[in-house]
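Numbering of the first sequence is given in the numbering used here, commencing with residue 99 and proceeding in unit increments.
Where is the CB? At the ideal position from N, CA and C, for every residue including glycine.
Down below is the structure, laid out as structure tokens.
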Amino acid sequence: MPELPEVETFRLTFLHGTEEVPSLVGKRICRVSLLWEKTLETPSAEEFETRIKGQSILDLNRRGKYLLFNLTQDVLVIHLRMSGDLVVETHDDPIAKHHRLLIELDGGTRLAFNDTRKFGRVWLVRDSAPLLSHLGPEPLDEAFTSEVFCAMLHNLNRQIKPLLLDQHFIAGMGNIYTDEALFLAGTHPLTKSDSLSCDQAEKLWQAIHIVLTEGILRNGSSIDWVYRGGDFQNHFQVFRRTGEACYRCGTPIERIIVGNRSTHICPKCQPVPD
DNA sequence: CACGAGACCTGTTCGC
DNA sequence: TGCGAACAGGTCTCGT
């Protein structure tokens, strides 16, 4: 699940709280428990446990797909990768099968990092900037204009879908939102970036804004056996709709492989480039 | 530089 | 029913 809108949903949930989940802001970390060693990228498990203890959660930020917990001294950085999930529970809740890291807060609350496939990673750092320095622009940032986007596209001769998935190029797009944006823009995923006109680039820029904004509005997407309360999966135009009719023209949606990833297109609305 | 394949992991679904 | 193959929201590294 976790692409930009899903990570943003976690941020907003933990920042403001919801009917079911209390806000985590102001809570103090009293104990942590690392259940899968490799989940923690840095520092060592021993240093992590002693250093994080006693720090409070002051604020929550996001950069691309990274979730950032601003603590009293450090920043706790979490990347959910393919199957990561964050669950707020209580100290005496049973420890679920795929829990990898438990962060106990005072007041009896516990933040659990659950990650079936063990791809997710956690860092505790003084300064998050070096860790995030490889990331491209934030797609919803005001500085990321359609003119900037068009110039960036023309600098490279790359297939557009793998390029949008490349976090160095732009931060936060994943397989779902990329397929949805390319459909909305009427762009075939194999189109070379420098062959897009600025008109087409602007259309794609708008499509990216539309899908990310709607994704955030709908609290992200919840698919497969993992449910996180999001609703955007009920509004997919192409993603995982192979064989079903395109809502725009009725043509069956096709599944192809681009850059080693499943890709969903309407062959009529997204014609193959020359 | 651009691209594909393989690795990292566990679980579910598909096809015979 | 059983069993292996294919597939899954991400990212890194290597070879061509």
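Tell me, which residues are paired with residue i by DSSP?
i: W134; result: According to DSSP, which records beta bridges pairwise, W134 is partnered with nothing at all.
i: L184; result: F211
i: A343; result: P350
i: H177; result: Y164, R219
i: K290; result: Q257
i: V370; result: DSSP lists no partner for V370.
i: V356; result: R359
i: I127; result: L203
If residue i sits next to residue j, beta carbons under 8 Å apart, how far is it from one beta carbon to the other, in whole angstroms?
i: L72; j: V186; result: Since the first residue shown for the chain is 99 and the last is 372, residue 72 is missing from the structure and cannot be characterised.
i: I314; j: E106; result: 5 Å
i: F337; j: I274; result: 5 Å
i: P235; j: V356; result: That belief does not hold up - the Cβ atoms of P235 and V356 are roughly 23 Å apart, past 8 Å.
i: F211; j: L165; result: Not quite, the Cβ-Cβ distance comes to about 10 Å (not below 8 Å), so this is no contact.
i: W134; j: R198; result: 4 Å
i: F247; j: A299; result: 6 Å
i: P371; j: H252; result: P371 to H252, Cβ: 15 Å. No contact.
Answer with buried or exposed for residue i, where buried requires no fewer than 16 other C-beta atoms within 10 angstroms of its C-beta.
i: S231; result: exposed
i: I176; result: buried
i: T188; result: exposed
i: G124; result: exposed
i: H333; result: exposed
i: R215; result: exposed
i: S293; result: exposed
i: R339; result: buried
i: T349; result: exposed
i: S142; result: exposed
i: V130; result: buried
i: G327; result: exposed
i: C347; result: exposed
i: I306; result: buried
Identify the continuous alpha helix (DSSP H) that holds residue i and give its terminal residues.
i: Y275; result: 273-283
i: H362; result: First-last for H362: 359-363, but that is the beta strand (DSSP E), not the alpha helix (DSSP H).
i: V309; result: 296-315
i: R149; result: 143-150
i: L200; result: Note, L200: premise wrong, no alpha helix (DSSP H); beta strand (DSSP E) at 197-203.
i: H232; result: Taken as a continuous stretch (DSSP letters only), H232 belongs to no alpha helix (DSSP H), as it is neither H nor E.
i: V105; result: 102-114
Which residue's Cα is closest to the Cα of residue i: the options?
i: M250; options: F146, F217, C296; result: C296
i: L203; options: H307, L156, G234; result: L156
i: L174; options: K195, D191, K151, I193; result: K151
i: R353; options: T361, P228, R346; result: T361
i: H266; options: T285, G348, P237; result: P237
i: S291; options: R256, I127, C128; result: R256
i: E104; options: E312, A283, F217; result: E312
i: E245; options: L302, Y345, L138; result: L302
i: F330; options: N159, C347, I308, A343; result: I308
i: Q304; options: R316, C344, E240, I351; result: E240
i: I201; options: P365, R126, G115, R359; result: R126
i: L288; options: F167, L184, N358; result: N358
i: T137; options: D213, L102, L262; result: D213
i: Q368; options: G284, S319, G206; result: G284
List the endpoints of the continuous beta strand (DSSP E) containing residue i.
i: R161; result: 155-161
i: F167; result: 164-169
i: R219; result: 219-223
i: H252; result: Run containing H252: none in the beta strand (DSSP E); it sits in the alpha helix (DSSP H), 244-252.
So is the beta-carbon of residue i under 6 Å away from any non-hydrogen atom of the ligand SAM?
i: I176; result: The ligand SAM is not part of the structure shown, which contains no ligands of any sort.
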